[in-house]
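Enquirer: Below is the structure I would like to discuss, written out as structure tokens.
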Amino acid sequence: MSLPTQSEDSRREVGTAAAVGAATAGLPSTAGAEATGSNGSFAVSLTVNGDRRHLDLDPRVTLLDALREHLHLTGTKKGCDHGHCGACTVLVNGVRINACLSLAAMHDGDAVTTIEGLGRPDRLHPMQAAFIEHDALQCGYCTPGQICSAVAVLAEIEAGVPSHATGDLMGSMTLSNGEVRERMSGNICRCGAYSNIADAIADVAGSL
Numbered sequence: 001m002s003l004p005t006q007s008e009d010s011r012r013e014v015g016t017a018a019a020v021g022a023a024t025a026g027l028p029s030t031a032g033a034e035a036t037g038s039n040g041s042f043a044v045s046l047t048v049n050g051d052r053r054h055l056d057l058d059p060r061v062t063l064l065d066a067l068r069e070h071l072h073l074t075g076t077k078k079g080c081d082h083g084h085c086g087a088c089t090v091l092v093n094g095v096r097i098n099a100c101l102s103l104a105a106m107h108d109g110d111a112v113t114t115i116e117g118l119g120r121p122d123r124l125h126p127m128q129a130a131f132i133e134h135d136a137l138q139c140g141y142c143t144p145g146q147i148c149s150a151v152a153v154l155a156e157i158e159a160g161v162p163s164h165a166t167g168d169l170m171g172s173m174t175l176s177n178g179e180v181r182e183r184m185s186g187n188i189c190r191c192g193a194y195s196n197i198a199d200a201i202a203d204v205a206g207s208l
């Protein structure tokens, strides 16, 4: 078997560099975060549940791990850690994201709302109260992500953001059972409380 020539090695290196460049071109930058430590750590400032928090983080730390391990806000759950289950759903600047798929350094200056920031034990968010009223949970592990996602769903519908279940893109947005189920499909409930979750969301939507 012949060994690769120098020109073949050069072409391979150029191809690898081009592939890496193309793969990273669309990634959000860490524009606001600044490298501070000798170990390459980044200074990241977040407004979490209304409080300004300053962290010194390894650039590889996800938003989920920053919340759980560094800020000790363990209401946001780590499920699959691959963005498949929705257990880690939080709101960033009012928009729901999977915190396990996003680096904390990408959110410097952003406002993050977790389940702890939606309500308090003595003053529940309407969605939290509706989940209790409709028994929309069993083990409860997915519930923080379900509730954060449900709050975002109602905001999306109010803003007229369509989903794959939206029939008329030019008409007014309506809250149908199909819309709710489609928009909540990224949040998995192992216990199968989907009907109760949909009822809780519809209940809150009707009271707004």
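Once you know that position 153 of the sequence shown is 153 in the UniProt record's numbering, the rest is easy, because the numbers rise by one and skip nothing.
C-beta atoms are modelled at their ideal positions from N, C-alpha and C, and glycine is treated no differently.
For the candidate residues 207, 108, 204 and 190, whose alpha-carbon lies nearest to that of residue 85?
Expert: The sequence position of residue 85 within the sequence shown is 85, counting from 1. That would be 190, whose Cα lies nearest to the Cα of residue 85.
Enquirer: Would the segment 173–193 count as touching the segment 69–77 if we require 3 or more Cβ pairs under 8 Å?
Expert: no
Enquirer: My output table needs one value for residue 45: the three-state DSSP class, helix, strand or coil.
Expert: Counting from one through the sequence shown, the residue named residue 45 turns up at place 45. The answer is strand: DSSP assigns residue 45 an E or B state.
Enquirer: Compute the Euclidean distance between the alpha carbons of residue 45 and residue 54, then round it to the nearest angstrom.
Expert: Indexing the sequence shown from 1 puts residue 45 at position 45. Indexing the sequence shown from 1 puts residue 54 at position 54. Roughly 4 Å between the two C-alpha positions.
Enquirer: Return the chain-ordered list of same chain residues with a C-beta closer than 6 Å to the C-beta of residue 151, the five sequence neighbours on each side being excluded.
Expert: Counting from one through the sequence shown, the residue named residue 151 turns up at place 151. Same-chain partners within the cutoff: 127.
Enquirer: For the alpha helix (DSSP H) holding residue 161, just list the boundary residues, first then last.
Expert: Position 161 of the sequence shown holds residue 161. Residue 161 -> no alpha helix (DSSP H), and no H or E assigned at all.
Enquirer: State yes or no: is the C-beta of residue 57 within less than 8 Å of the C-beta of residue 104?
Expert: Within the sequence shown, the letter at position 57 stands for residue 57. Within the sequence shown, the letter at position 104 stands for residue 104. Contact flag set, yes.
Enquirer: Spatial neighbours of residue 188 within its chain, please: C-beta separation below 7 Å, excluding the five flanking residues on both sides.
Expert: Counting from 1 along the sequence shown, the entry for residue 188 is found at position 188. Result list for residue 188: 85, 86 and 142, in chain order.
Enquirer: Just tell me which of 51, 186, 40 and 207 has its CA closest to the CA of residue 109.
Expert: Here residue 109 refers to the residue found at position 109 when the sequence shown is read from its first residue. Residue 109 has its Cα closest to that of 51, out of 51, 186, 40 and 207.
Enquirer: Kindly indicate which residue of 42, 158 and 88 has the alpha-carbon position closest to the one of residue 112.
Expert: Here residue 112 refers to the residue found at position 112 when the sequence shown is read from its first residue. For residue 112, the nearest C-alpha among the options comes from 88.
Enquirer: Just mark residue 95 as buried or exposed, buried being the case when its beta carbon has 16 or more other beta carbons within 10 Å.
Expert: By one-based count along the sequence shown, residue 95 stands at place 95. With fewer than 16 other Cβ atoms within 10 Å, it is exposed.
Enquirer: For the beta strand (DSSP E) containing residue 95, list its first residue and its last residue.
Expert: In the sequence shown, the residue the question calls residue 95 occupies position 95. Its beta strand (DSSP E) spans residues 95–98.
Enquirer: Give me the Cα-Cα distance between residue 163 and residue 39, rounded to the nearest whole angstrom.
Expert: Counted from its first residue, the sequence shown places residue 163 at position 163. Counted from its first residue, the sequence shown places residue 39 at position 39. Approximately 43 Å, taken between the alpha carbons.
Enquirer: Of the residues 61, 119 and 43, which one's Cα is nearest the Cα of residue 75?
Expert: Taking the sequence shown and counting its residues from 1, the one referred to as residue 75 is at position 75. Closest by alpha carbon: 119.
Enquirer: Just checking my contact of residue 134 with residue 199 at CB under 8 Å: how many whole Å lie between their CB atoms?
Expert: Indexing the sequence shown from 1 puts residue 134 at position 134. Indexing the sequence shown from 1 puts residue 199 at position 199. About 5 Å separates the CB atoms of residue 134 and residue 199; that is less than 8 Å, so the two are in contact.
Enquirer: Nearest to residue 79 by CA position, among 43, 144 and 205, is which residue?
Expert: The residue labelled residue 79 in the question sits at position 79 within the sequence shown. Residue 79 has its Cα closest to that of 144, out of 43, 144 and 205.
Enquirer: By the 10 Å Cβ neighbour count, where 16 or more other Cβ atoms means buried, how is residue 169 classified, buried or exposed?
Expert: Position 169 of the sequence shown, counted from the start, is the residue given in the question as residue 169. The residue is exposed, with fewer than 16 neighbouring Cβ atoms inside 10 Å.
Enquirer: Can you list, in chain order, the residues of its chain with a C-beta nearer than 8 Å to that of residue 193? Leave out the 5 residues immediately preceding and following it.
Expert: Here residue 193 corresponds to residue number 193 of the sequence shown, with the count starting at 1. Once the five neighbours on either side are set aside, the close Cβ partners of residue 193 are 135, 136, 137 and 138.
Enquirer: In or out: residue 132 buried (at least 16 other Cβ within 10 Å) or exposed?
Expert: For the purposes of this step, residue 132 is taken as residue 132 along the sequence shown, with counting starting at 1. Residue 132 is exposed by the Cβ-count criterion.
Enquirer: Within 10 angstroms of the Cβ of residue 98, are there 16 or more other Cβ atoms? Answer buried if so, exposed if not.
Expert: In the sequence shown, residue 98 corresponds to position 98, counting from 1. Buried, since its Cβ has 16 or more Cβ neighbours within 10 Å.
Enquirer: Just grab the DSSP bridge partners of residue 51 for me.
Expert: Residue 51 sits at position 51 when you count from the first residue of the sequence shown. Partner(s): 48.
Enquirer: Straight-line CA distance for residue 186 to residue 165?
Expert: Taking the first residue of the sequence shown as 1, we reach residue 186 at position 186. Taking the first residue of the sequence shown as 1, we reach residue 165 at position 165. If you draw a straight line from the Cα of residue 186 to the Cα of residue 165, it comes to about 14 Å.
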